[in-house]
Every structure is written in C-alpha cells, then in structure tokens.
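Input: a single structure, listed below in structure tokens.
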Amino acid sequence: MSMFASLGKKPTDTNYPFPAWPAHIILVIEDALRLASKSAESLLGGKAKLLVATEEQITASIQNTLHEILSDGTIVEGFTSDIFQSISRNESVEDYTGAYLDKQPDLTFKLVGQCKPHQGLYCECKILDKTHPVRNYLYDGLSRFVTGKYAWAMQHAHMIGYVRDQNLSPSKLTTYLTQNNKPEGKTHSDCLQIQGVPVIRPNDLVFTNHDRKFKLIRLSTKPDATPIAIRHLWLNI
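Mapped onto the working numbering, the consecutive letters of the sequence shown carry residue numbers 25 to 261.
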C-alpha cells in the first residue's frame, strides 16, 4: 500500500488531552522566563520606555532573549536545544471547534519530538499596572484557556503577568479570584470559577484549576473537555 494512501482522509481520533509535561520541564521554562524578563528594560531602551511599552513589544523582547538562552545551552540548566524545539510568538492555532483558525497565543513552547498539532505549552501574557487591572488579565487572558480558544488539547497552560506596578502581587490575584468565585449561573465569566483555593508558591507563582464546559467535538465520541491547570507566573519587569 502506498505510504500516501491516507492523504485527504479524515485523521483518526487522537487521545486528547495530551499527557501533562513533566514538572522539571515546566520549572526549567519558568526559570528561563524569569531570566529573560530581566533583559526587557535594556532591550526596550530603558525604564521609561519599558513603562509605556506594549504587551507585544515586551513579549518580543522576552522571546528574543529566550532564543539566545536556548542557543547558548549553558545559561539555564536544562533549557537546551536537545529538549526544546521552538519558542514561537503569536503562532496561529485552531480553537476547539476548528471553526476559528487564527487564534494566537502569545508564546508557545514545543518539545523535541512532539510535532502533533495543539501539543505544546501555551502562554498568554498580560501587562499588570494601574491601567491594566487583574480583571482584564482574567477576562481577556485566562478566559481563552477556559473557553477552549487555546490549549484545549492540553491539561495545563501558563498565564504570564508583566507587573509594572509594584503594589501588585500574586496575592491580589488570589484575593480577586476568591472574592469572585461565584456559583454557576451568575453573570461572572467562567474563568472566575475555580476548583478549590488558589495557591501561591513561590512568591511569583499562583496555581489555579478550572473546569472547561465544552466538548471535544472533533472526536467521534465528543467527550467533555478535561479541567485545565494554570500556573500564573508574575514577572516584575
């Protein structure tokens, strides 16, 4: 049989969600992000320019530094090209329905040997300061994971906060979530519905878990989407 016999045919069901990434891989990525964020000020031309930079400008500077760290292979232990395949910015992906083809997570990490569509660590980045409150971070950021726009085939993802107001700390996020964790049926977005209590550990990370109320309609059995675990990494830039 020709090796191309399956071309043009509907692909067989994939076992979604993909397996969760090992904890040590996640920790390596977070270490690389912390280090890369420290270069944003100099790359953008100083503190004054950083304070008025857009989310896209900050993310681009961080991505550039991540590539330098990855290419070097010795700066962050474990952040090497034999483990990580790519770090893309605004890479187009499909939502869970397949009807929307141009959803663009801010950063996507791919591991070597994991080439399947929708398999990766997806990160949504948001500025946090006086004009970019926690509410926007949740409704315009976190909600994209909960509603299946991004990472619908994964069990976990990252929210990255660019903190430009030193009065903002991860405790602000946990307070907001706890105060607004309303029962189902209220007017609040599903992104505010959390399982259990948000946890801060260490001082720049918050862990939350969220139910997702859609079905994986691409699969023949149309199963319910699994919950998603979110690690919120807040970077003081």
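All C-beta atoms in this analysis are idealised placements derived from N, C-alpha and C, irrespective of residue type, glycine included.
If you reduce the DSSP assignment to three classes, tell me which class residue i lands in.
i: K196; result: helix
i: H156; result: strand
i: H212; result: Because the pLDDT of H212 is 39, which lies under 50, any placement of that residue in the model is unreliable, and the number read from its coordinates should be weighed accordingly. Of the three classes helix, strand and coil, the one that applies to H212 here is coil, per DSSP.
i: N88; result: helix
i: I184; result: strand
i: V136; result: coil
i: F169; result: helix
i: E79; result: helix
Looking at residue i: is its Cβ nearer than 8 Å to the Cβ of residue j?
i: S63; j: T89; result: yes
i: S95; j: L68; result: no
i: V52; j: G102; result: yes
i: I111; j: L131; result: yes
i: G172; j: Y120; result: yes
i: R255; j: H182; result: yes
i: V187; j: L259; result: yes
Can you tell me whether residue i is buried or exposed? The criterion is at least 16 other CB atoms within 10 Å of its CB, across all chains shown.
i: T211; result: Confidence is the limiting factor: at T211 the pLDDT is only 35, short of 50, which leaves the residue's position unreliable, though a coordinate-based value still follows. It counts as exposed.
i: E54; result: buried
i: Y149; result: The sequence as given places Cys at residue 149; Tyr does not occur at that position. With 16 or more other Cβ atoms within 10 Å, it is buried.
i: C147; result: buried
i: K196; result: buried
i: T98; result: exposed
The beta strand (DSSP E) with residue i in it runs from where to where?
i: R255; result: I252 to N260
i: K71; result: Counting along the chain, K71 falls outside any beta strand (DSSP E), though it belongs to the alpha helix (DSSP H) covering K71 to L74.
i: R58; result: First-last for R58: A47 to S61, but that is the alpha helix (DSSP H), not the beta strand (DSSP E).
Rounded to a whole number of angstroms, what is the C-alpha to C-alpha distance between residue i and residue j?
i: G185; j: A60; result: 14 Å
i: P41; j: M178; result: 5 Å
i: P43; j: A72; result: 42 Å
i: A56; j: L135; result: 15 Å
i: G70; j: R242; result: 47 Å
i: L229; j: L162; result: 15 Å
Can you tell me where the alpha helix (DSSP H) with residue i in it begins and where it stops?
i: L229; result: From DSSP, L229 is part of no alpha helix (DSSP H) but of the beta strand (DSSP E) over L229 to H234.
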